[in-house]
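Down below is the structure, laid out as C-alpha cells.
2 protein chains.
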Amino acid sequence: MKKSVLFLLGLLICMPSIAQQALWDPQQPPTAEVHPDQSVTIRIWAPTAQEVLLEGELAGTVPMQRDSIGLWTYTTAPLAADLYLYYLRIDGVRALDPGNTYVARDIASLFNYVLVSDYRSRDIAHGTVQHVWYPLSGFAHGRRVSIYLPAGYTDHPQRRYPVLYLLHGSGGDEQAWLELGRAAQILDEEIAAGRACPMIVVMPNGNYSEDAAPGYGSKGDVRPGVPNENRMDGLFEGHFPELVRWVDRHYRTQAKASHRAISGLSMGGYHTYWIALNNPRMFHYVSPLSAVYHWGEMSADVYAQEAEKRQALWKARPEVHFYIGNEDFLYQQNVELRAELDSCGYAYRYTESTGGHQWKNWRRYLQQVVREIFHH
Amino acid sequence: MKKSVLFLLGLLICMPSIAQQALWDPQQPPTAEVHPDQSVTIRIWAPTAQEVLLEGELAGTVPMQRDSIGLWTYTTAPLAADLYLYYLRIDGVRALDPGNTYVARDIASLFNYVLVSDYRSRDIAHGTVQHVWYPLSGFAHGRRVSIYLPAGYTDHPQRRYPVLYLLHGSGGDEQAWLELGRAAQILDEEIAAGRACPMIVVMPNGNYSEDAAPGYGSKGDVRPGVPNENRMDGLFEGHFPELVRWVDRHYRTQAKASHRAISGLSMGGYHTYWIALNNPRMFHYVSPLSAVYHWGEMSADVYAQEAEKRQALWKARPEVHFYIGNEDFLYQQNVELRAELDSCGYAYRYTESTGGHQWKNWRRYLQQVVREIFHH
C-alpha cells in the first residue's frame, strides 16, 4: 500500500498543474455517500465560498451547511432506489461535484449522478455493448449507433434474436439510453431474471445532421447545437428502414415484424410513432414514451396522410402501448391522440405513471417494455 | 426552428430544477472555442465570483479576465494540434466548465477537454468499439474489456486479424485508452491512411479487484479506490493468458505470437513487461510506454526469476521497443533497465521524446506503435 501511494505521489509531482486535484487527495472528502438507510451525503471542500447550493433530484434546491473549516455538507432523507442527478451551485456558478466521477449529460448539461441501490451492474451475465458506424444515404462513412447484444450472443452462433429499436429524446444521442437510461443494466437484469427474452437493442442517433455523440463524431463543437429542424423534419424517420435492413444483414436477427419492436422517449416517441406509421408491417410492438406526436410545420412526406397511415398500421394489428406521466408537459397532446384513436376504434394499451418528463420514468418504462415484448 | 425552441422551453418548464441550466440557455456563453489560428477561448458566466483561474494544459494556471457584467474570458496563444485537458478554479474551488460537454476522467479527477484539430473522428472508415464481459477465474460473471474491431471486420467474415493488447496506467480503466488515449480515432486514421495494418485492439481493466470502470461495474462507489496492491501484485499479470485465450476463441484472430503485440503506459507498461517475461512466446511485439518496472515488494511468483525470464523472452527474438519522455519521473528507472539489458547484449529499440508522464506523449507513442507492429 505504502509503495503504491508513493507511485501516486510520483504521478502528482510529475503533473503538478493537472493531477494535483486527484480525488485521492486526502483533502477531497468522500461524497455521494449512500448510507444503509438509502439517505445520501454530499460533501465539498470549499473554504472560501460564501454559499453552496445542492440542486437536482436528490433534494431539490437546498443550501449546504458549512462547518468551521470550510467543509460543506448536506444529507438527504432516505431515498427510493433509483439514479439521482445533481450538481452544485457555488457562489452562483453551476459546478459539478469534484469528488464524484459519475457524470452524464442530459439535454446539453452535465450532471453528477449517484446510484441508490438500483441500476448497478450486478453479478449476473452481461450483454455486450457496441458502438458501430453504419452506412446511411448522405453519410460517406456512416453514423454511429449503439447496439446491445444479449449475453450468450457470441457463444450461440446459430441462435437468432428479436430486435428492439430504442430512440432517445431531443438533446440526446446514441449514448443517452446507455448512460442515463441504464439500458445495458436493465436489459442484463430483466433477461437474467427471465422477465425479458434475450434481445438485441439498437440505439441510433436521432439527430439526423449529427453523425455521432459529442466527442465521437466529425464535429469538434464542445456542445450540441440548439435543436434544429433536422431533429424532427422527417429525415431520420424517412431513412430508418436503411438502418433496419443493415441490422438484419449484420446481426443474427429474427428479421420479421413479429420479432421487431420500436420505442422511444419524447422526440424519440415522435420518431417511433411516425416510423411505425410509415412502415406498418415493420414492427409488431410500438411503444411511445412521454411522446410528442405533432410539432412544427411537419411538411415532409413522412408526416402526410396520417389517417390513412394509421389505418394501415392498425390493420397490421400491432401491439401499441403508450406511456406517459400525469405531470408531463406533453400530457394533453397524449390525451388528444388517444381520443382520436378511440374514435376510430383502434386498440392500444396505455400506462399512466406519476411524475413528468424525466429519466426516472423512462427507466421504469423501459423495464416494462422489455418485459412485455416478444412473448408471443 | 421556432417550434423546436418552444419544445425545448417545454422541457425546461417541465424540469425546472434540472434542466434550467441547459447549455442552450442563451446566458451560457460559447466556450472552448477553437479559432482558425488554433488559439482557444474559454468563457464562463460567473458574475458573483471573485476570482476565476483557468488550469490545466491549455495555458498552465492563469487568471481569467472579468468584463463589466461578469463574463470571464481567457484566450490562449496558438496551440499545436492535440487534445488539451483543463478545468476552472472558481473562488478556490475546482470546477468543470459548465459550457463544455467534453469531459474525461484521468486518474481520479474529471477534466474538460478540447480537441485542437487532432483526434476527431474524421470522415473515414470507422472501426467498432465493443464493451464486453469476459470470464476470468475468480469472477462469477466476468470483467469488462473494451475491444476495437477494425473497419470491415464484420463484412469480411473469412479474414483474420492480428491483435494488440493495450494496457492503461494506475487510476485508469478499460475506457482510458478510448477516452484520453483517443485509441479508436488513432486506429481509424492510421489504418485508413495505410500506415497501420487492420488490427484488433484489446483494452482490459488492469485493476484486478475492479470488474469494470466506475459506473459500469458492480461497485457503487462514485470514485475509484486509492491505489491498492491489486494493481501491481501479480494477479492481473498471472491471469492474463486467460484473456488471450478468450480473445482467440471469440474473435477472428491470427492466434500466434507473430501476430500479437502488447503495449501499455505507466503501470500498464509494468504489466506489459511482466506479462511478456512470463509468457516469452506469446507476443512478438512488446512496447512499454513510460513504464515502471520494479515497484513495492513484488513477492508474487510472476515477479520471480527475472533474469531467467528475460533470457527466455529474448531467446524468442521479440521486437521490444521502449518509449519514455525525458522529463518523466520514471526516467531513471528506464535508464537502469536499459543498462541491464545492454549488459546482457539484449536487442531492443528505444524512443525518447520530450515531456513527462502524460497522455500527450502516450497518444503519440500509440501512433508509432501501431505503425511499426505486424509489418513482417
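Chains as they are written, first to last, in numbering that gives the first Met the number 0: chain B, 0 to 375; chain L, 0 to 375. Glycine included, every Cβ here is placed at the ideal spot set by N, Cα and C.
Which ranges would you report for the beta strand (DSSP E) in the region 39–69 of chain L if only whole runs of at least 3 residues count? 39–44 and 51–55
For VAL291(B), which of helix, strand or coil comes out of DSSP? coil
Round the Cβ separation of TYR112(L) and TYR133(L) to the nearest angstrom and send it over; I've been treating them as touching at under 8 Å. Not quite, the Cβ-Cβ distance comes to about 29 Å (not below 8 Å), so this is no contact.
What distance in whole Å lies between the Cβ atoms of ASP327(L) and HIS356(L), which are believed to be in contact at a cut-off of 8 Å? 5 Å
Short check: CB of SER377(L) to CB of PRO77(L), under 7 Å? Here chain L comprises residues numbered 0 to 375, so residue 377(L) is not present and cannot be evaluated.
Drop a sphere of 10 angstroms on the beta-carbon of THR353(L), count the other beta-carbons inside from all chains shown, and report buried for 16 or more, exposed for fewer. exposed
Throw me the rounded Cβ distance for the ASP105(B) and SER217(L) pair, which I believe falls under 8 Å. Rounded, the Cβ-Cβ distance is 24 Å, inconsistent with contact.
Rounded to the nearest angstrom, what separates LEU57(L) and TYR85(L) at their Cα positions? 6 Å
So that I know if they touch, is there some Cβ in chain B lying closer than 7 Å to that of TRP132(L)? yes
Between ASP187(L) and chain D, is any beta-carbon pair separated by less than 7 Å? In summary, chain D is missing from the structure at hand, where the protein chains are B and L.
Within the continuous alpha helix (DSSP H) that includes ILE423(B), where are the two ends? As shown, chain B starts at 0 and ends at 375. That puts residue 423(B) outside it, with no answer to give.
For ALA303(B), which residues of its own chain have a beta-carbon under 6 Å away from its beta-carbon, when the five flanking residues on both sides are left out? none
May I have the straight-line CA-CA distance separating LEU177(B) from GLU209(L), to the nearest angstrom? 20 Å
Which residues in chain L have a C-beta closer than 7 Å to the C-beta of ARG309(B)? List them in chain order. Ordered by position in chain L, no residue passes the 7 Å Cβ test against ARG309(B), which lies about 22 Å from the chain.
Does the contact criterion of 3 or more C-beta pairs under 8 Å hold for the region 150–157 of chain L versus the region 263–275 of chain L? no
Using 10 angstroms around the beta-carbon of ASN325(L), count the other beta-carbons present and answer buried if the total reaches 16, otherwise exposed. exposed
I want to see whether chain B comes within less than 7 Å of THR271(L), judged by CB atoms only; does it? no
Measuring CB to CB, does LEU165(L) end up less than 7 Å from VAL200(L)? yes
With three or more C-beta pairs closer than 8 Å as the rule, is the region 278–286 of chain B touching the region 258–265 of chain B? yes
Nearest residue (CA-CA) to GLU236(B), options GLY268(B), GLY214(B) and TYR250(B): GLY268(B)
Just list the alpha helix (DSSP H) runs in the region 313–367 of chain B, keeping only unbroken ones of 4 residues or longer that don't cross its boundaries, in chain order. 330–342
Spell out whether any CB of chain B is found under 7 Å from the CB atom of SER120(L). yes
Have a look at GLU241(L), GLU296(L), TYR345(L) and ALA315(L) and flag the residue whose alpha-carbon is nearest the alpha-carbon of PHE138(L). GLU241(L)
Give a yes or no on whether 7 Å exceeds the smallest Cβ distance from VAL39(B) to chain L. no
Outcome for VAL334(B) when other beta-carbon atoms lying within 10 angstroms are tallied against a minimum of 16: exposed
Positions along the region 124–149 of chain L whose CB lies within less than 7 Å of some CB in chain B: ALA124, HIS125, THR127, VAL128, GLN129, HIS130, VAL131, TRP132, ALA139, HIS140 and GLY141
Inter-residue spacing [alpha-carbon to alpha-carbon] between ARG93(B) and GLY171(B): 21 Å
At 9 Å on the CB atoms, spell out the chain B contacts of VAL243(L), in chain order. Those do not exist, as VAL243(L) stays about 17 Å from chain B at its closest Cβ, beyond 9 Å.
When the Cα atoms are used, what is the spatial distance from LEU70(L) to PRO97(L)? 13 Å
When the cut-off is 7 Å and only beta carbons count, does THR350(B) lie next to chain L? no
For a contact defined as C-beta to C-beta under 9 Å, what are the partners of ASP90(B) on chain L? ALA45, THR47, ALA48, GLN49, ILE89, ASP90 and VAL92
Near GLN253(L), what residues of its chain come up, given a Cβ to Cβ distance below 7 Å and the 5 sequence neighbours on each side ignored? ARG159, TYR160 and PRO161
Taking the Cβ atom as the reference point for each residue, do LEU148(B) and GLY126(B) lie within a distance shorter than 7 Å? yes
HIS130(B) to ALA175(B) span [Cα, whole Å]: 13 Å
Tell me, to the nearest whole angstrom, how far the beta carbon of PHE321(B) is from that of TYR345(B); I am working on the premise that it is less than 8 Å. Between TYR345(B) and PHE321(B) the Cβ distance is about 12 Å, and since that is not below 8 Å, they are no contact.
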